[in-house]
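Structure, as structure tokens:
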Amino acid sequence: MIKSLDTIAEIRRFEEPNNFFEKLSPGEQKEFANELFSRLQYDFTNVSICLLDTGLNNGHPLLSGSCEDDCLQSVNAAWQTSDHDGHGTEMAGVALFHNLKEKLLSKEKIVIHHRLESVKILPPPPGANDPQLYGDITKQAISLAEIARPNNVRTLCMAITEDDKYSITDGTPSSWSGSIDTIISGADDDTKRLFFISAGNVDFSDMKAGYPDANLISPVQSPGQAWNAITVGAFSNDITILDENLKSYHAVANSGELSPYSSTSKIWASKWPIKPEILCDGGNVATDGSAYMDCSDLSLLTTSHQHLKHPFSTICATSSATAQASWIAAQIMSEYPGIWPETVRALIVHSADWTSEMKRLFIAGKDKKGYGRRDLLRTCGYGIPNLERAIQCISNRVNLVIEGEIQPFAKNKKMKEMHLHTLPWASDILRSIGETPALLKITLSYFVEPGPGEIGWRDKYRYPSCQLRFDVKNINETKKDFLKRIDVKMREDNDRGSGYSGSTEWFLGPQNRDVGSIHSDFKKVNAVDLCDANFVAVYSVIGWWRERTNLKLYDKKVRYSLIVSISTPETDVDLYTPIITQIQQPVSIPV
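Following this note's numbering, the numbering of the sequence shown begins with 1 at its first residue and continues without gaps.
If you want it as structure tokens, here you go:
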């Protein structure tokens with residue numbers, strides 16, 4: 001049939017709208033759930049996704065096999081572990097299946113490698129937590145999960161943010177975000193953790209400002225400004241409304257654009273981290289031109305906390321996006337046992353990219369002096385992560401993953417080390433394809449420890465324990481000159497980055513990327529020019545470990561993960577084989 005339709009690339013099965021499932025009788029919904037359950041296969045690793053939410057009803061047939069009773073906790077025993085609201089169980093369906101509707105419509109076996117855990121951190125109404133205790137409650141919740149299953153390797157998932165009444169919205173660290181940074185960095189217990197937090201949602205009343213203006217004026221909500229967490233925003237995928245009751249409504253965003261729900265860091269000072277870092281599917285908003293509302297057809301199908309009445313529900317906004325991001329992390333952790341949290345974080349960000357719709361919305365016609373790129377970064381982060389790119393190398397696309405540990409400082413406020421990594425490029429092959437376009441992309445991930453006592457937290461140099469940077473040897477630059485240039489940068493107290501670094505060749509540039517504790521950038525060059533870009537340096541700049549000498553922490557070390565990738569559009573070029581045979585250890589150079 002396809003051969004007879006020369007103008008059609010492929011034919012896809014019509015995808016049932018969400019309200020098709022929601023309109024089914026309880027018995028019919030149960031039949032769909034049971035049919036999927038019959039195709040589930042469990043091949044568990046020790047990986048789990050821990051949901052910090054409203055509880056979880058693990059009696060749901062699609063969740064029961066992945067979430068035993070001892071995986072359910074509550075920070076207050078009086079609250080019990082059941083889901084009083086529905087949000088926690090809805091998060092679970094996305095965290096376990098990523099796209100439940102796709103799995104329901106498939107006929108394939110579904111293999112599940114990770115478990116679910118739940119710690120209830122919100123009380124049933126009318127109860128409410130004291131905002132001053134948010135950090136302590138989060139820490140207690142994580143401790144409960146770790147005590148219950150100490151051998152689990154978990155990704156933490158929290159789609160709960162502060163009410164605007166209490167939230168810090170200018171990017172400055174809050175008490176809650178600082179507590180989360182401490183938890184992730186392992187400052188108190190030397191255990192590093194992977195943590196996903198929702199960016200928070202644009203209020204419907206604010207959407208009257210127009211799209212995407214409402215997103216631009218709606219700042220990421222606390223604790224989403226946490227430096228070490230992956231803060232997740234949302235993009236829109238679905239645009240078709242089939243609900244008979246919403247005939248006069250249409251979707252606000254086009255497919256592939258920033259979701260109308262997604263808050264941003266556009267109005268933050270440029271010294272604060274890029275938030276959100278990534279976007280996952282958060283659905284879309286329906287409007288008739290004046291009113292704005294959720295719509296099941298524009299949301300994600302998921303599991304209901306009232307499974308005896310109706311097994312399915314829907315979820316949207318940055319909540320569903322955060323659950324999807326956690327699912328991606330669980331796949332990476334299952335694929336690579338023992339991988340560092342810093343590395344999982346780096347791989348996810350490194351794999352991300354913007355859609356053409358996002359670039360059109362924020363760059364087209366307004367990228368003079370890079371302002372459009374900054375807007376793109378501050379609204380869409382680094383884009384939508386791609387699991388395949390994160391876990392696989394192919395012949396014409398190679399990821400080098402380097403895990404290291406560096407001592408940034410010495411006594412008397414002096415700098416200590418830099419690491420120089422040799423990049424084992426297949427020079428003969430790169431020269432043979434000459435001026436073929438190639439892409440060099442680098443991502444550096446590490447965790448910072450917040451300054452004790454919230455001293456100086458409004459200063460980007462006094463909040464983090466240390467900060468790391470990367471740089472690459474330029475074309476026609478000698479190794480000796482490259483090292484001299486890095487030495488100058490390390491000795492500066494203001495992180496201005498003196499000395500030519502080829503910054504105009506990088507898409508984002510150091511002024512945009514060198515904030516927070518994860519830095520990612522890329523540049524497009526001729527393949528032959530990569531032969532000269534064969535050294536990458538990881539070095540440190542100022543932080544409170546160095547400045548607060550009375551604490552005597554200047555000799556501490558920090559772990560980092562460095563991802564370096566090259567790719568070409570030439571599918572018949574084998575970059576992988578010659579590179580994999582040349583991997584070298586970093587050279588540690590005292591300053």
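Backbone N, C-alpha and C define an ideal beta-carbon position, used for all residues, glycine too.
Note on geometry: alpha-carbon atoms of W425 and W545 lie some 36 angstroms from one another. In the DSSP assignment, T478 falls outside any beta strand (DSSP E), carrying neither H nor E. The three-state reading of DSSP puts L483 in helix, counting H, G and I together. Looking at the backbone, the Cα of N399 and that of N99 are separated by about 27 angstroms. DSSP lists L300 as the bridge partner or partners of I315.
Taking every protein chain shown into account, the CB of V202 has 16 or more other CB atoms within 10 angstroms, so this residue is buried. Per the C-alpha coordinates, the member of W176, L300 and Q225 positioned closest to I267 is Q225. Cα atoms of T302 and F312: separation of roughly 6 angstroms, rounded to the nearest angstrom. Boundaries for R548: no alpha helix (DSSP H) harbours it, and the DSSP string shows neither H nor E there. D521 sits in a strand when the DSSP states are folded into three classes.
Linking K208 to A214 through their CA atoms gives a straight-line distance of about 7 angstroms. Per DSSP, Y461 is not a residue of any alpha helix (DSSP H), being assigned neither H nor E.
Contact between the stretch 343-350 and the stretch 106-114 is absent: fewer than three C-beta pairs spanning the two stretches fall below 8 angstroms. Residue pairing by DSSP places G404 opposite Y560 in a beta bridge. Bounds of the beta strand (DSSP E) holding M418 are E417 to T422. Note that the C-beta distance between A330 and I49 is below 8 angstroms.
Comparing C-alpha distances from Y371 to each of T172, I142 and L508 shows the shortest one belongs to L508.
Runs of the beta strand (DSSP E) spanning 3 or more residues and lying entirely within the stretch 175-220 occur at 194-198, in chain order. Taking C-beta atoms as the reference points, E117 and A78 fail to come closer than 8 angstroms. Put simply, the backbone Cα of K524 is about 33 angstroms away from that of R193. Here L63 is near L96, since their CB atoms are less than 8 angstroms apart. The Cβ atoms of A286 and Y249 sit closer than 8 angstroms to each other. Y576 has its alpha-carbon roughly 33 angstroms from the corresponding atom of K275. In the DSSP assignment, F235 is bridged to L258 and D281. Per DSSP, the beta-bridge partners of P437 are N526. Here M293 is exposed, its C-beta having fewer than 16 other C-beta atoms within 10 Å. Sorting S351, N284 and L279 by C-alpha distance to the C-alpha of A253 places N284 at the top. With respect to I442, I278 sits apart: the two C-beta atoms are not nearer than 8 angstroms. Distance between G453 and R469, taken at the CA atoms: about 26 angstroms. Between L444 and I542, the C-beta spacing is not below 8 angstroms. In terms of Cβ geometry, I241 and C295 form a close pair [threshold 8 angstroms]. Under the DSSP definition of a beta bridge, T155 partners with I49 and L194.
The stretch 78-88 makes contact with the stretch 50-59; the number of CB pairs closer than 8 angstroms reaches 3 or more. Counting other Cβ atoms within 10 Å of its Cβ, Y42 stays below 16 and is therefore classed as exposed. If you look at Y539, you'll find it in the beta strand (DSSP E) that goes F535 to V541.
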